[in-house]
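Colleague: Numbered according to numbering that gives the first Met the number 0, the sequence shown spans residues 0 to 210.
One structure is given below, represented as structure tokens, and several questions about it will come after.
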Amino acid sequence: MVKFELIYFYDGGRCSPIRDILNYVGADWTETNPDWPSGMADTPYDFVALLNVTEDNGEKHQVAEAYNIEPYLARRFNLYPHDWHKDGSPHVQIYGQIVDLWSEGGAGVVFFPESQEVYRGHFDKVLGQLVTNHEKWLKANGSCGHYHDNKTSLSDLILYSWVRFYHANGLAHQINARDTPEIWKVYENVKALPAIKDYDYEVKWQKSDEN
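Shown next, in the form of structure tokens:
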């Protein structure tokens, strides 16, 4: 069986979606949490996230940076819809909008609370645009709680990971069952998946802190 090793800090930040993807597909994976900044010297690019892949035949290779790792895993485990590769595919746009919210102020609000006023306004504006577009897209897909067809895709998993992370950090409360019912269906569908539900982030972080 192919083995994966995720190298990242032990927190729920940029690699939460990668953990969720690996759990959802039932991958054989482990996680290594390097010290900062000394541990960066042990990585080939001097930064994380990094995914080490060992194939069944022993061949090894690496995929660097979260925005490369997520699509790599989606292609490998068939988490894209059948027409994702077409020019203008909405799947690529949907995935990109969810991920871009992090760079459009999400990271700043979470990690630089002393500068929240600088980041929060822009974050809320971009989030409002995302909500409007995604409610519309999800209705067009039949209000089934999935972005594409009636199956769990990369976009579903990414949305769930980020909503969970933002809510845990006091953000994105505009996303809820009353105000964003279509998005909330996606969130609840993924949350109920056994592989996701049984992976308790808070317990794992607590154990890490105790060690």
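The beta carbon of each residue, even a glycine, is placed where N, CA and C say it ideally should be.
In this text the structure is predicted, and so the values were computed from the model without any measurement.
Determine the closest residue to Leu129 out of Cys14, Val162, Arg177, with distance taken between C-alpha atoms.
Modeller: Checking every option, the nearest Cα to that of Leu129 belongs to Val162.
Colleague: Between the alpha carbons of Tyr23 and Ile195, how many angstroms are there, rounded?
Modeller: Distance between the alpha carbons of Tyr23 and Ile195 is about 6 Å.
Colleague: Looking at His147 and Ile182, is the spacing between their C-beta atoms short of 8 Å?
Modeller: No; because the gap between Cβ atoms is not below 8 Å, this pair is not in contact.
Colleague: Apart from the five residues on each side of it in sequence, which residues of its chain come closer than 6 Å, Cβ to Cβ, to Met0?
Modeller: These residues qualify, in order along the chain: Asp27.
Colleague: Helix, strand or coil, according to DSSP, for Tyr60 in the structure here?
Modeller: With the sequence shown as reference, residue 60 is identified as His, and Tyr is not the correct amino acid for it. Strand at His60.
Colleague: Go through its chain and collect everything with a Cβ distance to Gln205's Cβ below 7 Å, but skip five positions before and after it.
Modeller: Confidence at Gln205 is low in this model, with a pLDDT of 40, below 50, so its placement is unreliable and the value that follows should be read with caution. Closer than 7 Å at Cβ, skipping near neighbours: no residue.
Colleague: Would the C-beta of Tyr44 count as close to the ligand SAM, meaning under 7 Å from any of its heavy atoms?
Modeller: This structure lacks the ligand SAM, and indeed carries no ligand of any kind.
Colleague: Any chance the stretch 43–58 sits against the stretch 170–190, with 3 or more Cβ pairs inside 8 Å?
Modeller: Judged by Cβ distances under 8 Å, the stretch 43–58 makes no contact with the stretch 170–190, as fewer than three pairs qualify.
Colleague: Please list the segments of the alpha helix (DSSP H) lying wholly inside the stretch 6–43, counting only runs of 4 or more residues, in order along the chain.
Modeller: Qualifying alpha helix (DSSP H) stretches, in chain order: 15–23.
Colleague: Between which two residues does the beta strand (DSSP E) containing Thr53 stretch?
Modeller: Thr53 -> beta strand (DSSP E) spans 49–53.
Colleague: Where Ser142 and Trp35 are concerned, what is the direct C-alpha to C-alpha distance, given to the nearest angstrom?
Modeller: In a straight line, the C-alpha of Ser142 is about 44 Å away from that of Trp35.
Colleague: Is His145 helix, strand or coil when you go by DSSP?
Modeller: In the structure shown, His145 sits in coil (DSSP, three-state: anything other than H, G, I, E or B).
Colleague: Cα separation between Ile17 and Gln61?
Modeller: The straight-line gap from Cα to Cα measures roughly 14 Å.
Colleague: Could you pull the DSSP bridge partners for Arg4 from this structure?
Modeller: A quick correction: the sequence has Glu, not Arg, at residue 4. In DSSP, Glu4 forms a bridge with Thr29, Asn51.
Colleague: Measure the alpha-carbon distance for Tyr94 versus Ala167 and round it to whole angstroms.
Modeller: Their backbone Cα atoms lie some 21 Å apart in a straight line.
Colleague: For Lys2, tell me which candidate among Glu54, Asp99, Phe8, Gly127 has the shortest Cα-Cα distance.
Modeller: Out of Glu54, Asp99, Phe8, Gly127, Glu54 has the C-alpha closest to the C-alpha of Lys2.
Colleague: How is the alpha helix (DSSP H) around Asn188 delimited, first residue to last?
Modeller: Residues 180–190.
Colleague: Nearest to Gly12 by alpha carbon, out of Val189, Arg74, Ser102?
Modeller: Minimum Cα distance to Gly12 is reached at Ser102.
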